[in-house]
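Below is one structure, written out as structure tokens; the observations come after it.
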Amino acid sequence: MHHGINRKKKNEFLTEAARYDLVISTYALAHRDEEMLSQVKWNGVVLDEAQNIKNQFTKQSQAVRKFKSNYRVALTGTPVENRLSELWSIMEFLNPSYLGSAEGFRKRFALPIERYNDKDAGTKLRSIVSPFILRRLKTDPAIIKDLPDKIEMKVHCNLTKEQATLYEAVVKDMLRKIESSEGIERKGMVLSALVRLKQVCNHPAQFLGDGSELPGRSGKLNRIIEMLEEVLAEGDSALVFTQFAEMGGMLKAHFQKVFSQDVLFLHGGVSQKQRDQMVMRFSEKNGPRIFILSLKAGGVGLNLTRASHVFHFDRWWNPAVENQATDRAFRIGQTKNVQVHKFICDGTLEERIDEMIEDKKALAENIIGTGEGWLTEMTTEQLKDLFALRREAVADE
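Numbering of the sequence shown is given in the working numbering, commencing with residue 29 and proceeding in unit increments.
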């Protein structure tokens, strides 16, 4: 293990490395100790969670490409999370120059596929990279014979009248501002409005940030409480994902009050030691049965097979990221069917974008992932249609 402050340095490391068949290290040290690691003629360099080099410009991406070896292997469940340049970066590590320059790749494949949904370009790219990709699916019985089913369902919720009022105010404010803006400023306003509308759909208290009471003000919160009551009554455990750390904190406090039991919450501010302790506690037979995780901090690298229910309280419009999070429970070692619940507020942008993503799913499965950046390219009229609130979606009070 090449790790920690007491790790071997320079000649001492080179001598030690020659004595072993395998050296395990981290991406951070690949950059920090790049000069030393580059002096070794490795038989092979293997990258686990290779999405860590998806950005060609990061120092760790540049470092691993300099390591000399007879062969290279990259393991990842998400070779493309947001844009095709990520695939280029991983392939550049595996087979330098195979896909040409980054700029040439962008013109030949990335722009036609991402901007115009060019199926011919997608088919051509797949044929070029497929000889170097060995894809394994958990649903393939030849790979895992006894893995239970994963059952995905969408949970449709209504807005409360308070949520609907706030939602329409945000839309009105955004449309007024973008009328007189353009370029980067306009894109920033659209993305800012998108975040604020997601917050409104979650709960007015999250949007307002005023520490106000939670009960009875959010259709989503009302529904997840009902569903968690059923999960706990059945003796099962659940993971709850949200992209907002502040929402996770609110849910933790509310769940503990409603269910009178301890609830775990993992977010980006949690230390590695605390993270490990939480995972251990959740895995224990009598440990806490609800585990809230921020999507980015808890979406990878965890084994949480005690959970048989996964709730996506708010949606990250990249199926690859959501699937990675779901796979904390749906993985080798799971003995129960995993039920995945994706919350959507009817009549809001959540429902519209979900429809768009479903339309793009075949293409996304073929080559690309789906982020939110493409929303900023919409015309004002398209944005009005996307963000407009349908009144019939508001719950009666």
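Where is the CB? At the ideal position from N, CA and C, for every residue including glycine.
Every value quoted in this text rests on a predicted model; they were computed, and no experiment measured them.
Using only CA atoms, which one of the options lies nearest to residue i?
i	options	result
P159	R111, N98 and L122	L122
R418	M181, D76, A192 and L165	A192
L294	F319, S125 and E409	F319
A357	K38, N331, L194 and M181	N331
R224	Y99, H59 and T376	T376
K96	V73, G105 and S89	V73
M64	K82, K36 and E378	K36
P316	E210, V307, V291 and I253	V291
L411	V338, K280, E254 and M202	M202
F339	I212, I253 and G211	I253
Between residue i and residue j, what straight-line distance do the alpha-carbon atoms span, to the nearest angstrom?
i	j	result
F133	Y144	15 Å
E62	G361	36 Å
L414	P232	21 Å
Y55	V218	34 Å
M275	K285	15 Å
S265	Q84	39 Å
K355	S208	Reading off the sequence shown, one finds Asp at residue 355, where the question assumed Lys. If you take the alpha carbons of D355 and S208, they lie about 44 Å apart.
T43	L103	28 Å
D382	R111	19 Å
D304	Y48	29 Å
L242	D76	41 Å
A45	R93	19 Å
I33	E114	31 Å
V368	D177	11 Å
E120	L50	24 Å
P124	H337	42 Å
L162	M306	34 Å
G277	L139	39 Å
Q271	R343	8 Å
A325	K301	14 Å
A281	L321	14 Å
G211	E196	24 Å
Q289	E258	15 Å
M308	L279	21 Å
E213	K135	25 Å
S220	F41	48 Å
G329	E262	28 Å
Sorted by chain position, which residues of the same chain lie with C-beta nearer than 8 Å to residue i's C-beta, five sequence neighbours on each side aside?
i	result
I52	M29, H30 and H31
G247	C185, N186, L187, T188, Q191, C373 and A423
G239	A233
R251	V183, C185 and F371
A416	V199
K364	P176, D264 and S336
M181	Q367, V368, H369 and K370
Taking a contact to mean a Cβ-Cβ separation below 9 Å, would you say residue i touches residue j in this structure?
i	j	result
G296	A273	yes
Q67	I118	no
L175	I156	no
K152	F137	yes
V183	K313	no
V366	I179	yes
T86	Q352	no
A130	Q88	no
With a CB to CB cut of under 7 Å and the five nearest residues on each side skipped, what residues in its chain are close to residue i?
i	result
V349	E109, L323 and G327
R359	N331 and T333
W70	F95, K96 and S97
I396	Here I396 scores only 38 on pLDDT, less than 50, and its place in the model is too uncertain to base an answer on.
F235	L194, R224, Q227 and V228
L249	H231 and L242
A91	A58, H59 and E62
K38	M64
K82	E109, E114, S117 and I118
Assuming residue i contacts residue j under a Cβ cut-off of 8 Å, what Cβ separation, rounded to an integer in Å, is found between them?
i	j	result
L222	L403	7 Å
V228	V198	6 Å
T408	I206	6 Å
N230	F310	Rounded, the Cβ-Cβ distance is 23 Å, inconsistent with contact.
L260	F287	7 Å
Does the beta-carbon of residue i, which I'm using as the reference point, lie nearer than 8 Å to any heavy atom of the ligand NAP?
i	result
K94	Inclusion of the ligand NAP in the displayed structure is not the case, the ligand content being empty and no account of it being possible.
Can you list, in chain order, the residues of its chain whose CB lies under 6 Å from that of residue i, leaving out five sequence neighbours each side?
i	result
E379	I372
R100	V73 and L122
K215	T404
R245	T188, E190 and P232
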